[in-house]
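Residue numbers (my numbering), protein chains in the order written: chain H, 9 to 551; chain R, 3 to 210; chain C, 163 to 537.
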Amino acid sequence: MATTALTPAATYRSALYEWVTTTDHKKIGILYLVNSFVFFFIGGILALGVRSQLAVPDNKLFSPDLYNQLFTMHASLMLFLFIIPILAGFANYVVPLQIGAPDMAFPRINALSFWMLPLAGIIMLAGFLVPGGAAAEGWTSYSPLAQAKYSGVGTDLWLVAVTLIGTSSILGSVNFLVTIFKMRAPGMTMFRLPILVWTALVTSVLVLMATPVLTSALIMLFIDRNYGGAFFDPANGGNAVLWQNIFRFYSHPAVYIMILIVMGIVSEVLPVFSRKPLFGYKAFVFATAGIGALGFSVWAHHMFTTGTVYLPFFSFMTFLIAVPTGVKMFNWIATLFRGQLTFATPLLFALGFLTMFLIGGINGAFSAAVPVDFALHDTYWVVAHLHYVLFGGSVFGVFAGVYYWFPKMSGRMLNETLGKIHFLLVFIGFNVTFFPMHLLGLEGMPRRIATYASTAGWNQLNLLATIGSLIIAASAVPFLWNVLISLRSGEPAGDDPWEGNTLEWATTSPPPPYNFDHLPEIRSERPVFDARHGRTGGHGGQS
Amino acid sequence: MPQTAHDGALADLPRHGISNPILGMILFICSEVMFFAGLFAAYFNVRATAPIWPPSVAEVGPIAEHFDLHAEPWLAAVLTIILVSSSFTCQLGVWAIRRNDRRGLIRAIAVTLVMGVIFLIGQGYDYSQLGFGLSDGTFGTTFFTLTGFHGAHVLGGVIMLSVVLFRAMSGQFTARHHDAVEATSIYWHFVDVVWIALFSILYIIPTR
Amino acid sequence: MPITRNKRTRPAALVLSLLLALVAAGCASQFPQLYPPNASTSQGAEVRTLYDIVFVLAVVIFLAVEGAIIYAVVRYRRKPDDADLPPQTHGNNLVEIIWTIIPTIIVVYLFVVSWQALNTVEAKSDHPGVRVKAIAERFAWSFAYLGDDGTTPLFTTDAQGHGVFGTMVVPVGEPIHVTLHSPDVIHAFYVPKFLFKRDVNPGPVENNFDFTVDAGDVGQTFRGQCAELCGAGHGGMTFEVKAVTRAEFDTWLKQQIDAAKKAPPASGSPPAGSPPGGSPPAAGPVIELAAQNLAFDKATLQAPADKPFQIHFVNKDNATQHNVQIKNPDGTVAFSGDLVTGPAEANYNAPALKAGSYPFSCVVHPAMTGTITVQ
């Protein structure tokens with residue numbers, strides 16, 4: 009068992025001061041996690057607002073204008089302030105540990121990247137307090153609806169906030185890439201990197217190359233709105249579909265930014281809880297890189313109905329990207345095969361990811377068939393698809409990561425019974441909410457409508473979806489309770505409660521500020537496994 | 003050979019390849035290239051879908067007479083020469099500090115800085131003489147957005163050069179440790195390359 | 163605590179779960195809600211065929227892969243006597259190549275099939291039976307029937323009682339060529355039963371497409387709705403497509419063109435949104451009426467008989483269009499005011515009416531109704 013050799017600093021610093029001024033990647037990672045969960049819960053409350061309005065037909069609970077703000081802010085918070093940052097947070101905590109580095113390459117820029125996020129969140133939410141309300145054009149902010157003549161100051165606040173968040177991401181991506189390329193411990197070659205590190209690498213390349221394009225679009229729209237610009241407003245000679253092209257060029261790679269690190273988390277959890285290595289490591293690396301590259305070639309599949317797109321190319325590339333994704337799915341299942349599975353909560357959420365992300369991938373294939381997309385685009389089918397991949401996929405993976413690394417971060421185990429209750433509630437609630445939306449989309453219910461007529465025939469399915477959303481809301485209770493009581497009095501975790509494979513399990517829980525007293529020999533992608541089973545020397549260079 | 007923090011100072015580890023800050027700057031520049039790519043994409047799209055480019059008087063009124071930039075490109079050409087030369091002087095500074103020539107570094111960076119400031123002043127003067135603005139249709143919007151953000155990046159570079167100059171004068175750079183000089187010069191070259199692209203596209207070959 | 167399984171029950175459990183899955187899939191495939199509606203256009207039928215192909219493949223893949231996951235989860239639970247590690251398989255090149263190639267073949271097949279269907283759906287006829295321009299403007303639809311040159315409007319449905327507002331009448335069995343126009347933001351023309359939608363883009367380039375309603379669907383009315391967020395009134399921006407025989411269509415179109423040529427629209431109100439001060443002087447008594455939260459503030463109004471009167475109409479609903487349309491007891495339109503986008507006011511100059519009971523409503527929101535008692 010590892011021990012910490014250094015003694016704490018002599019000068020007293022308050023805990024608050026420590027947390028606010030820290031440049032330690034582990035503390036910054038935890039700050040990312042906490043901040044992201046705050047926005048997850050706010051975004052969830054906005055979703056409950058949406059579902060309450062849609063529970064019954066002809067509902068006047070919220071005005072249509074407020075409803076548009078609710079779903080716009082729900083999506084914006086979830087995507088920009090929850091899912092993208094929380095994955096950056098996991099990567100922040102885990103990547104330096106997994107490569108045997110003492111910290112990230114640029115610790116102060118790391119801190120800056122984080123602190124831009126709560127600021128951006130406050131700016132975005134401030135939209136609810138200004139005349140005209142918050143941004144209400146959807147998180148996709150299409151022009152001309154997002155031009156100044158149709159929207160208020162809330163949209164400008166949204167633009168500023170998202171620009172800040174994008175800048176935070178880009179700085180983070182530079183940090184991750186330099187760290188991964190330049191700060192690996194001796195023996196940690198590229199093809200011995202844990203898959204989580206590979207996914208963080210590819211995600212960082214996507215952030216680096218795609219997010220600045222979003223920044224350019226946001227700035228151009230800001231110029232249109234505030235300086236009489238003529239980029240996207242046909243009334244000025246601009247081009248409305250141009251906004252879509254530039255925005256979607258970012259927002260398609262963005263969805264891979266939202267899923268790849270989750271795939272990395274699942275690729276860490278499945279091997280540990282099957283007691284076998286990940287099946288097809290190299291194929292996995294190439295599939296990840298392939299998805300990253302192909303992700304830049306499919307953006308116009310969000311624009312099939314605009315009449316301005318060369319349809320066969322984008323349809324083909326969209327179908328093609330299913331291949332590396334399918335390969336990963338098979339690799340994961342093969343990892344389970346002939347293993348010895350222990351159904352701790354991390355594994356439950358990883359299995360939830362597998363089963364739900366599969367559905368999200370399959371229903372996406374329908375939209376890749378262009379004529380079918382003509383029927384399904386902008387209907388609740390798409391709402392089902394995006395939630396199956398982002399909630400069934402990303403959120404389940406995030407919870408797998410939380411339950412898996414909470415012991416490492418806090419030194420205490422989360423309660424397994426509460427974890428299983430949480431899983432069951434969120435799994436059931438999620439499917440009850442979103443599966444009916446496939447049917448609603450097929451029946452012709454469009455997206456983003458504030459209410460629907462009772463004669464349309466959509467009443468029961470909408471009510472069912474709303475009930476499901478309440479079950480999801482209920483699932484937050486065992487989770488939060490678990491976190492609170494475990495932080496206080498959870499079972500001590502020790503260095504390696506799960507019999508893990510990767511380097512973070514070779515140090516204390518939580519690790520010391522400089523991460524490692526000594527590193528095991530690194531001869532494969534599972535150095536701690538190797539040390540435990542005597543395939544390599546346990547500790548390098550220790551007397 | 004030291005392998006961990008315990009065994010020796012990390013700063014003394016043998017360097018393999020380019021240093022962290024320089025790799026960081028190169029990656030950051032990649033992101034900036036993508037930012038400009040978005041702006042250029044908008045420009046090319048607007049230009050390709052316009053009936054005539056620059057827009058004609060019939061379409062947008064008398065202001066179109068000012069859109070003919072390559073009628074008098076001399077000021078922009080002078081600015082181009084200044085900026086390209088400043089890249090040379092910047093590189094001279096890098097070579098100087100690599101041979102530990104601190105005085106050479108200071109001279110070269112100072113000259114580069116002055117040229118950068120002259121560029122900015124010249125750009126501002128050009129703006130005042132153009133006769134159209136940001137809100138003058140698609141041409142005005144794209145022109146000022148592209149050149150404006152480039153100018154903002156030049157300003158950023160000028161600030162970086164000032165910091166490097168100050169640090170050089172305080173004796174902070176040696177042949178062994180001068181990452182900030184290398185990184186700043188790479189950034190400055192990038193700013194120069196973007197200008198060459200802008201100048202060619204906006205001033206030399208604007209018509210279709 | 164892992165549950166031990168008897169070696170004999172394992173294969174039985176597997177077979178049972180497979181059977182259950184097959185039964186579930188069989189039942190599911192009978193569920194009409196898992197499919198789009200039966201298409202009412204020839205293009206829609208193509209789409210439906212393609213959907214069915216994708217659906218079959220999707221169900222097969224879903225069952226196979228989910229089945230593999232469930233099998234692994236059941237079969238490979240860690241048992242108390244599992245002290246040794248399981249075989250540490252790192253990969254298998256042959257298997258990995260196979261499961262890369264097979265999905266590639268499947269997706270290429272799907273691509274080819276969908277490209278073929280796309281060409282059929284996008285095909286445009288040289289001789290469309292009718293040319294219509296669908297105009298989407300926040301938040302209602304109007305339809306302009308165009309002459310053979312494709313540009314001259316012969317007749318446009320509107321809120322002044324020309325045609326039924328928001329209804330496009332078309333003959334069955336012939337290609338209808340639709341051009342899409344928006345003077346404001348992006349909208350989308352979507353008819354679920356056509357399995358089709360197309361964006362309505364503002365700007366110089368207007369989308370267009372053809373559709374042909376099946377002859378068997380004559381007499382049907384198809385619901386349509388805007389499918390691209392366009393503001394607060396997006397959810398209410400519905401329209402209808404009414405399919406009739408060619409003869410009925412010709413008669414109807416001629417009637418509308420003739421009616422439009424006769425008396426000008428009897429609204430007499432100033433352009434929507436102009437200040438009340440700019441309206442013509444009140445002709446007769448003024449009745450106050452407001453619309454708020456998609457409802458009129460009064461269900462009954464009083465007006466004098468045989469005298470023109472004015473309705474001072476206040477629309478309080480932000481970004482929502484309303485108007486007032488008065489119908490004669492026999493159902494014909496007596497008066498229809500211009501659409502007003504709130505918050506705004508308008509003064510409607512209604513004509514003199516004989517004594518009686520006249521229903522009034524909003525053309526955009528037919529549920530908003532009331533009665534004017536004229537005496």
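All C-beta atoms, glycine included, are put in the ideal place defined by N, C-alpha and C.
Beta-bridge pairing of residue i - partner residues as DSSP gives them
i      : result
C/A330 : It should be pointed out that residue 330 of chain C corresponds to Met in this sequence rather than to Ala. Its beta-bridge partners are C/V403.
C/R239 : H/L349
C/Q454 : C/A457
C/Q483 : C/T503
C/S519 : C/T535
C/A302 : C/E299
C/Y352 : C/K359, C/Q387
H/V552 : The displayed coordinates of chain H run from 9 to 551. Any statement about residue 552 of chain H would go beyond what the structure contains.
C/H343 : C/I297
C/D372 : C/H339
Of the residues the options, the one placed nearest residue i, counting alpha carbons only
i      : options                        : result
R/F141 : H/A208, H/I178, H/G245, H/Q77  : H/G245
H/I479 : H/L229, H/I493, H/F438         : H/F438
H/L204 : H/G405, H/F338, H/I436         : H/G405
H/T163 : H/I94, H/R233, H/S181, H/M198  : H/R233
C/H343 : C/G229, C/Y307, C/T535         : C/Y307
C/M399 : C/F351, C/T462, C/P198, C/L247 : C/F351
7 Å CB neighbourhood of residue i in its chain, flanking five on each side removed
i      : result
C/S436 : Confidence in C/S436 is poor, its pLDDT being 40 and thus under 50, which makes the residue's placement unreliable; the coordinate value appears in the next sentence. Answer for C/S436: no residue qualifies.
H/T30  : I36, A119
R/D194 : L85, V86, S89
H/T441 : A473, G476, S477, I480
R/W197 : T82, L85, H152
C/A434 : In this predicted model, C/A434 has a pLDDT of only 42, less than 50, meaning its place in the structure is not dependable; the value taken from the coordinates is given anyway. The answer, listed in chain order, is D500, L501, V502, T503, A506, A508.
Chain-order list of residues whose beta-carbon lies under 8 Å from that of residue i (same chain, five-residue window excluded)
i     : result
H/V58 : Y75, L78, F79, H82
Neighbourhood of residue i by C-beta, 6 Å cutoff - its chain only, sequence neighbours within 5 removed
i      : result
H/H430 : S483, P486, F487
C/D376 : S202
H/S275 : I203, L286
Proximity of residue i and residue j at Cβ, strictly below 9 Å
i      : j      : result
H/A297 : H/F361 : no
R/L200 : R/L71  : no
R/A228 : R/A98  : This structure cannot speak to residue 228 of chain R, because chain R is shown only from 3 to 210.
C/A452 : C/K478 : yes
R/I31  : R/F151 : no
C/S287 : C/D372 : yes
H/L167 : H/F230 : yes
H/A308 : C/S276 : no
H/S224 : H/L179 : no
C/V526 : C/N485 : yes
H/T350 : C/R240 : yes
H/L469 : H/L448 : yes
R/M36  : R/Y189 : no
Distance cut-off 8 Å: residue i Cβ against heavy atoms of the ligand MG
i      : result
C/D420 : With respect to small molecules bound, the structure shown includes none, and the ligand MG cannot be examined in it.
Beta carbon proximity, residue i to chain A, threshold 9 Å
i      : result
H/T296 : Absence of chain A from the displayed structure is noted, the protein chains being H, R and C.
Original post:
Is the region 327 to 343 of chain C touching the region 288 to 296 of chain C, taking contact as three or more C-beta pairs under 8 Å?
Top reply: Between the region 327 to 343 of chain C and the region 288 to 296 of chain C, the count of C-beta pairs closer than 8 Å reaches three or more; the two stretches touch.
Original post:
Should the region 55 to 73 of chain H be regarded as contacting the region 154 to 161 of chain H, the criterion being three or more beta carbon pairs within less than 8 Å?
Top reply: no
Original post:
Are three or more beta carbon pairs between the region 132 to 143 of chain H and the region 236 to 244 of chain H nearer than 8 Å?
Top reply: No: fewer than three Cβ pairs fall under 8 Å.
Original post:
Below 8 Å, can you find three or more Cβ-Cβ pairs linking the region 490 to 502 of chain H to the region 412 to 430 of chain H?
Top reply: yes
**OP:** Please confirm if the region 98 to 108 of chain H is in contact with the region 47 to 57 of chain H, defined as three or more CB-CB distances below 8 Å between the two stretches.
**Re:** In short, these stretches do not touch, since the Cβ pair count stays below three.
Original post:
At a cut of 8 Å, does the region 308 to 322 of chain C reach the region 496 to 509 of chain C through at least three beta carbon pairs?
Top reply: yes
**OP:** State whether the region 52 to 63 of chain R contacts the region 84 to 103 of chain R, with contact taken as three or more CB pairs (one from each stretch) at a distance under 8 Å.
**Re:** no
Original post:
Are the region 529 to 544 of chain H and the region 455 to 474 of chain H in contact at 8 Å, needing three or more beta carbon pairs?
Top reply: Using a Cβ-Cβ distance cut-off of 8 Å, the region 529 to 544 of chain H and the region 455 to 474 of chain H are not in contact, since fewer than three pairs of beta carbons, one from each stretch, lie closer than that value.
**OP:** Decide yes or no for the touch test of the region 262 to 280 of chain C against the region 208 to 224 of chain C: beta carbon pairs closer than 8 Å, at least 3 of them.
**Re:** yes
**OP:** Evaluate the contact criterion for the region 186 to 200 of chain H versus the region 529 to 536 of chain H: three or more CB pairs, one atom per stretch, below 8 Å.
**Re:** yes
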